[in-house]
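Before any comments, here is the structure.
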Amino acid sequence: MTSQKLYIGPDSTPDRYRLLRSIGRGGEAVIHLAELELAGGAEPVVVKVLDSKATITSEEFARISRKWNEQAELLRFVHRPGVVGVREHFEGPPIHRAGEASGLSGRSLVLVMNRVNGVDLRDWRAERDLSTPAGRHEVLRTLEQLAEVLDWLHSGKATPSGRQVVHGDLSPGNVMVDADGQATLVDFGLSKLTAEHRTAEIWFTPGYAAPEVFDGRRTPATDRYAFGALAYFLLSGDSPPRTPGLLAEAMAELPQVAALDHDRRARIAALCAVDPEQRPLSLAGWVRDVRQAVVSRAASDVQDARPEPAARRRRPVLMAAGAVLLAALALTGVKLLGGGDGNGGDGGPDRAADARQTPPSASGSSSPPPAGSGSGGVSLTTLQPVAKSEYAWFEAGDGTLGSQRYDTALVAAGPYKICDGAATYDLGGDWKTLTMVAGVDDASTHANARVTVEVDGKSLWSGTLRVGSPQPVSLDVANGRRLAISYVDPGNTCGMGRLVLGTPTLRK
Numbered sequence: 440m441t442s443q444k445l446y447i448g449p450d451s452t453p454d455r456y457r458l459l460r461s462i463g464r465g466g467e468a469v470i471h472l473a474e475l476e477l478a479g480g481a482e483p484v485v486v487k488v489l490d491s492k493a494t495i496t497s498e499e500f501a502r503i504s505r506k507w508n509e510q511a512e513l514l515r516f517v518h519r520p521g522v523v524g525v526r527e528h529f530e531g532p533p534i535h536r537a538g539e540a541s542g543l544s545g546r547s548l549v550l551v552m553n554r555v556n557g558v559d560l561r562d563w564r565a566e567r568d569l570s571t572p573a574g575r576h577e578v579l580r581t582l583e584q585l586a587e588v589l590d591w592l593h594s595g596k597a598t599p600s601g602r603q604v605v606h607g608d609l610s611p612g613n614v615m616v617d618a619d620g621q622a623t624l625v626d627f628g629l630s631k632l633t634a635e636h637r638t639a640e641i642w643f644t645p646g647y648a649a650p651e652v653f654d655g656r657r658t659p660a661t662d663r664y665a666f667g668a669l670a671y672f673l674l675s676g677d678s679p680p681r682t683p684g685l686l687a688e689a690m691a692e693l694p695q696v697a698a699l700d701h702d703r704r705a706r707i708a709a710l711c712a713v714d715p716e717q718r719p720l721s722l723a724g725w726v727r728d729v730r731q732a733v734v735s736r737a738a739s740d741v742q743d744a745r746p747e748p749a750a751r752r753r754r755p756v757l758m759a760a761g762a763v764l765l766a767a768l769a770l771t772g773v774k775l776l777g778g779g780d781g782n783g784g785d786g787g788p789d790r791a792a793d794a795r796q797t798p799p800s801a802s803g804s805s806s807p808p809p810a811g812s813g814s815g816g817v818s819l820t821t822l823q824p825v826a827k828s829e830y831a832w833f834e835a836g837d838g839t840l841g842s843q844r845y846d847t848a849l850v851a852a853g854p855y856k857i858c859d860g861a862a863t864y865d866l867g868g869d870w871k872t873l874t875m876v877a878g879v880d881d882a883s884t885h886a887n888a889r890v891t892v893e894v895d896g897k898s899l900w901s902g903t904l905r906v907g908s909p910q911p912v913s914l915d916v917a918n919g920r921r922l923a924i925s926y927v928d929p930g931n932t933c934g935m936g937r938l939v940l941g942t943p944t945l946r947k
């Protein structure tokens, strides 16, 4: 009896891959789950097959074959988590039963990729509930992963020659998420690998295709539009509008976005603009805007219901009143403790100068005044945030940075394992400078944390902090109204170091 098992492979070994079942389509090609016999066992792979039957003429097939081989070979240079690995590509006999390849006419183009265990983004999203903190957190983290890998592909860093890699058909079916939450771009196949490559083959996923795709053009801006459509799907649970001109409007009407001020709402909607030149270049920066929109709105919804952190509960209510009194005294220029600087020390301006020029001593036990100290300063710890993320935020505390003790500090805190957090403060346009010493507490189990400081949506400072290496920070916040400080675990493992912002001081 003739075997019904189907195979494909190069001319030298036409039965190399046994096809198990069809699992989808990508452009003109059919995608199969397959297996390869290795060392007496079977290893699963994904095989994308384009038959000559899908083309009109042999000349057309030959042209596509050249493009296919060039692009597949370049994809083999791309090695990074978040991008599917390409094993090999070849032209060979069409799909056949075992031992029957030689009797068939026609040719096939084949791309063999590693199998990614998990579910595609559509099925993954169906299991998430954005009304819960956990659901919002997972969706935002997935967007961040995809944004980072797409920015990297578009930057030219993925290939030795510096070519930009364009996916070309970004959609929920082409993103897989594994059990650990790692999102991976799959099915690059015939993706366009140059910045302005035009092609006669029109293929796309409705709702995720930028307007220029209808003209056969795919660029990094095309991927950015598709990413915006993915974000709309993840944030709303609905498929994006099929008409490209309607997606920007739908994005701006999302509840998380509609509540923002006009400028930020416009920046978010611009990713879905019909004109490619209007789309933001940095997807990671775009996601930061969206994250602030989502967590700020969510924080206002759940703030009253969130249990007060244990560290804050230990502080008597009287402490809050005392902090307000100290701030008022500082504003009026009153000096405490025999002419001290208001930060718990007993020295005057000369002591402040010494603290700026001399490395902190291991025996130090109080916060040194920050650089640029003078009259009219107030500690940021006395201001209540107008918005917090629901996972982690800042609270008044203390810590040790580079063997120097800071009794007045903002410290990352929260009821969950800290992956990232944020807090926003109302400056009211009243302050000129913000100074602080940022670092990871000396006793922290984890070594790193990444911090970003923004005023009115403009990034003023961002840096990765490491235990034992605190950084003095001095920022111009003149006329600023909203100060946002956010932090994230650089390793994406929710193992961030204990972040400490020592003596965070606002001055006029």
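Numbering-wise, this note's numbering puts 789 at position 350 of the sequence shown, and it's gapless, one number per residue. Cβ atoms here follow ideal geometry from the backbone N, Cα and C, with glycine treated the same way.
Counting only residues of its own chain and dropping the five nearest sequence neighbours on each side, residue 609 has a CB closer than 7 Å to the CB of 647, 662, 665, 666, 669. Within 10 angstroms of the beta-carbon of residue 720 lie fewer than 16 other beta-carbons, which makes it exposed.
Per the coordinates, the alpha-carbon of residue 878 lies some 7 Å from the alpha-carbon of residue 908.
Ranked by how close their Cα comes to the Cα of residue 517, the residues 603, 689, 709, 825 have 603 in first place. Here DSSP, grouped into helix, strand and coil, assigns residue 716 to helix. A straight-line Cα-Cα distance of about 19 Å links residue 942 and residue 921. Scanning the region 497 to 567 for uninterrupted beta strand (DSSP E) segments of 3 residues or longer gives 525 to 531, 547 to 553, listed from N- to C-terminal end. By the Cβ rule, the region 885 to 900 does not count as touching the region 830 to 849, because fewer than three pairs are nearer than 8 Å. DSSP places residue 910 within a strand segment (E or B) once states are collapsed to three. At a Cβ-Cβ threshold of 8 Å, residue 489 and residue 468 count as neighbours.
The alpha-carbon of residue 818 is positioned some 20 Å away from that of residue 937. Cβ-Cβ distances below 6 Å link residue 526 to 551 in the same chain, with the five nearest sequence neighbours on each side left out; the list follows chain order.
When secondary structure is reduced to three states using DSSP, residue 919 falls in the coil class, being assigned neither helix nor strand. One Cα belongs to residue 611, the other to residue 897, and the distance between them is close to 31 Å.
Looking at the DSSP output, residue 615 bridges to 559, 623. If the five residues before and after residue 507 are omitted, its C-beta is found closer than 6 Å to the C-beta atoms of 548, all from its own chain and listed in chain order.
Within the DSSP secondary-structure output, residue 832 pairs in a beta bridge with 852.
Remark: C-beta atoms of residue 713 and residue 658 do not approach each other more closely than 8 Å. Sixteen is the threshold: since fewer than 16 other Cβ atoms of the shown chains lie within 10 Å of the Cβ of residue 599, the residue is exposed. Here the alpha carbon of residue 690 sits roughly 12 Å from the alpha carbon of residue 703. Beyond the five residues adjoining it in sequence on each side, residue 901 comes within less than 6 Å, by CB distance, of 891 in the same chain, given in chain order. When the alpha-carbon of residue 944 is set against those of 839, 881, 873, the nearest one is in 873. With contacts defined as CB atoms closer than 8 Å, residue 816 and residue 730 fail to qualify as a contacting pair.
Residue 620 has its alpha-carbon roughly 33 Å from the corresponding atom of residue 835. In the DSSP assignment, residue 875 falls within the unbroken beta strand (DSSP E) covering 872 to 879. Rounded to whole angstroms, residue 823 and residue 570 show a C-alpha spacing of 25 Å.
Taking a cut-off of 8 Å on C-beta distances, the region 447 to 462 touches the region 472 to 483, as three or more cross pairs fall below it. The C-beta distance from residue 733 to residue 579 rounds to 6 Å, short enough to meet the 8 Å contact threshold. If you ignore the 5 residues before and after residue 524, its C-beta comes within less than 6 Å of the C-beta of 553, all in its own chain and listed in chain order. Remark: C-beta atoms of residue 585 and residue 558 do not approach each other more closely than 8 Å. In this chain, the alpha helix (DSSP H) harbouring residue 702 covers 701 to 708. By the neighbour-count criterion, in which a residue is buried when 16 or more other Cβ atoms sit within 10 angstroms of its Cβ, residue 453 is buried. Secondary structure of residue 889 (DSSP, three-state): strand. Within 10 angstroms of the beta-carbon of residue 477 lie fewer than 16 other beta-carbons, which makes it exposed. At a Cβ-Cβ threshold of 8 Å, residue 876 and residue 840 count as neighbours. Under DSSP, residue 471 takes part in a beta bridge, and its partners are 461, 486.
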